[in-house]
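Chains as they are written, first to last, in this note's numbering: chain A, 4 to 408; chain B, 4 to 408. Note that the Cβ used here is the ideal one computed from N, Cα and C, for glycine as well. Beneath this line is the structure, given in structure tokens, with notes to follow.
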């Protein structure tokens, strides 16, 4: 019987790809490992390991690192996926900002830059510029193997455009799939931004690395959510699941551009925060002429200095973020909720009130078994997340990146 | 090289089990198929099919059906999973009711019975009786291969008990895993009731058979949800995900026993409906002395006759059920929401108002691509769902049921 026809098996090609991916992921998550260690961890036969690793070494995906201490003190050769040897580009889109980063596979930032500020009128221009800039980066750096992009939700993942929403008005005419997927010498992968942030924490964050039931709760210009349930990203039929910003916390509340009423986003996103600042007699002096992010950051700074009105608004915002956590608890029951983006800069006053809100409203069993933390990723989790989208594909579909026959 | 060591493969045992399961599922969903058809559909080699099907025939899991019309007019032998040849027991638990059904693998009801009515004081007794009754059923019917149980949420799936809640107060001291898992000659599988309902529609309902992005929205004594996302049941870290009954639709609303405020369940479950009936001057005459289910059914009957007050309350209930659909849209983006349990008996007046509510509040792209229907399963979807939990395990883990070496 040839190797190609195994009597217990699925088609050779799909098993081989799945096993290559599992080996890459093992090396990615565990570092230098011997063939025997991989065989044991993945329940693969020594013959399979020998064959697949030879192929991966051959195409340059992994390499031998020389002797390492083996089991029972026998010495054996280590294998390594050199995360510094492959680079990816991450692109984060927002209403008025496109940020580009170059990262290695471990999520280390090699460079980061913002495109010129964008208005609805300059979106076409920005897209043209972005194409050009990505081409330049690809020319400069041969190690780049993939591009990831992060788009604010509701992003229709399977169709390529954002549905609604005010925060991305001008971008609605761009079909990201048509525009970018096949535009460059390397493949492009596109994901909703909070889902990309969840992948970033899963892959790059020492605080949540490899957690199989993880939620990344983005509270910034918009409010978004990415959920990993038992190792699977929750996508929904059109890829429009986990749109927590448009879950209503008050069915009699403020109308939202999405058509719904009382959407969470209307209470704790930075535009909502700035609106409250201005409506309450400019809690932050000069807020009227600040951007949403600037006004929000200024509010946090004032609250830290003890300003009573600023503290009050921070606490109110935190309660709404807590109501969002309650939705996440009941809808997804993750082991860990990571709150990220601008609001994660707010600090303890904020987090304590989020926790108090959740403690007061949840089942003790769930409260006690769910961690809620602020993101501590050094770089913008969405641009890092765009890179994580690319890295995830690199690890899951090696044959897209290497000539593996 | 022996069959046991395939150079492309994972461990023989796990591949073999996975392939057996895929073949059983193929036959379950597609009916009589030739080996060539299965090989093509599952991307398996002919050698693998020959070996695995021989083994499955040998232990009696599947059988040959004689000649069938093959491709290119060659005749070939059909294989069949005879769904009438294996039976399962489904047990549905509720506050005051335990219902037991015997089903075949296709979900056909062979028998159904209710245990005597239950109060908090008689739960211990009920558990003892249930053990005895299941033993009798197992003695009477050799074809029974598994038992499934459906428990109202929030059910801590990985721990075995219900967290909170008023509707199951007396049951909180029962650990279902300890009590039942290893109690009988056949294995027992336990699931939250709405998740079981989702599996019932996935397996048994011609209207939604095999739909990979499916939500079963249980609106009855409680409000629950089961979601299949891309073929995976969404469970959460402790198995307490998709608890939509305790997602708040109004953060300033009615307090709930779970600790949260404004829980959906407080507005459209049958206890909430009965409360409204009574609070509004007994819209249903005699409602005070009726059970929640009786009062709700009487309300629906009155509304159908055109009673204005009854219609008004049905429409109000439908709007809240619609708000719940909006949560499901934004959290899970399923392709199909099936509304089931007592409220599914309400008919068109109700469904039309649910649809109008959702249409008015959702993104058109999502509304247009999501079906919302009332369940048309002939039997109580939760007891049928309990059976579906058992059938799912039968199809996914054949080696639990047959001596497959």
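Should residue i be flagged as near chain A, meaning a C-beta pair shorter than 8 Å?
i, result
"residue 149/B", "no"
"residue 11/B", "Unreliable placement is indicated for residue 11/B, whose pLDDT of 40 sits below 50; no coordinate value is reported for it."
"residue 249/B", "yes"
"residue 36/B", "no"
"residue 235/B", "yes"
"residue 261/B", "yes"
"residue 243/B", "yes"
"residue 363/B", "yes"
"residue 155/B", "no"
"residue 264/B", "yes"
"residue 57/B", "no"
"residue 152/B", "no"
"residue 159/B", "yes"
Do residue i and residue j have their C-beta atoms within less than 8 Å of each other?
i, j, result
"residue 240/A", "residue 336/B", "yes"
"residue 91/B", "residue 150/B", "yes"
"residue 425/B", "residue 383/B", "As shown, chain B starts at 4 and ends at 408. That puts residue 425/B outside it, with no answer to give."
"residue 340/A", "residue 375/A", "yes"
"residue 316/B", "residue 342/B", "no"
"residue 251/A", "residue 31/B", "no"
"residue 224/B", "residue 97/B", "yes"
"residue 261/B", "residue 320/B", "no"
"residue 82/B", "residue 48/B", "no"
"residue 216/B", "residue 232/B", "yes"
"residue 426/A", "residue 388/A", "Nothing can be reported for residue 426/A: it is not among the residues displayed for chain A, which extend from 4 to 408."
"residue 192/B", "residue 396/B", "yes"
"residue 140/A", "residue 105/A", "yes"
"residue 228/A", "residue 196/A", "no"
"residue 286/B", "residue 308/B", "no"
Return the Cβ separation of residue i and residue j in integer angstroms, given the expectation that the two are a contact with Cβ distance under 8 Å.
i, j, result
"residue 177/A", "residue 130/A", "7 Å"
"residue 23/B", "residue 377/B", "37 Å between Cβ atoms; not a contact."
"residue 156/A", "residue 268/A", "Contact flag wrong, Cβ pair sits at about 10 Å."
"residue 303/B", "residue 349/B", "5 Å"
"residue 243/B", "residue 153/B", "Actually they do not touch by this definition, with Cβ atoms about 15 Å apart."
"residue 20/B", "residue 401/B", "7 Å"
Within 8 Å (strictly less), CB to CB, does residue i reach chain B?
i, result
"residue 255/A", "yes"
"residue 396/A", "no"
"residue 33/A", "no"
"residue 232/A", "yes"
"residue 46/A", "yes"
"residue 197/A", "no"
"residue 239/A", "yes"
"residue 17/A", "yes"
"residue 246/A", "yes"
"residue 346/A", "no"
"residue 252/A", "yes"
"residue 166/A", "yes"
Count the other C-beta atoms from every protein chain shown that fall within 10 angstroms of the C-beta of residue i, then say buried if there are 16 or more, exposed otherwise.
i, result
"residue 322/B", "buried"
"residue 33/A", "exposed"
"residue 188/A", "exposed"
"residue 305/A", "buried"
"residue 194/B", "buried"
"residue 146/A", "exposed"
"residue 258/A", "exposed"
"residue 122/B", "exposed"
"residue 212/A", "exposed"
"residue 393/B", "buried"
"residue 204/A", "buried"
"residue 61/A", "exposed"
"residue 385/B", "buried"
"residue 364/A", "buried"
"residue 124/B", "exposed"
"residue 391/B", "buried"
"residue 200/B", "buried"
Interface positions of the stretch 365-392 of chain B facing chain A (Cβ-Cβ less than 9 Å), listed along the chain: Flagged, chain order: 365, 366, 367, 368, 369, 370, 372, 373.
Short-range partners of chain A found in the stretch 306-339 of chain B, where Cβ spacing is below 7 Å: Look at the stretch 306-339 of chain B: the residues with a C-beta under 7 Å from a C-beta of chain A are 326, 329, 330, 333, 334, 335, 336, 337, 338.
Under 8 Å (Cβ pairs) to chain A, residues found in the stretch 101-120 of chain B: Going along the stretch 101-120 of chain B in chain order, one finds no residue with a Cβ nearer than 8 Å to chain A.
Contact list for the stretch 194-222 of chain B against chain A, Cβ threshold 7 Å: 216
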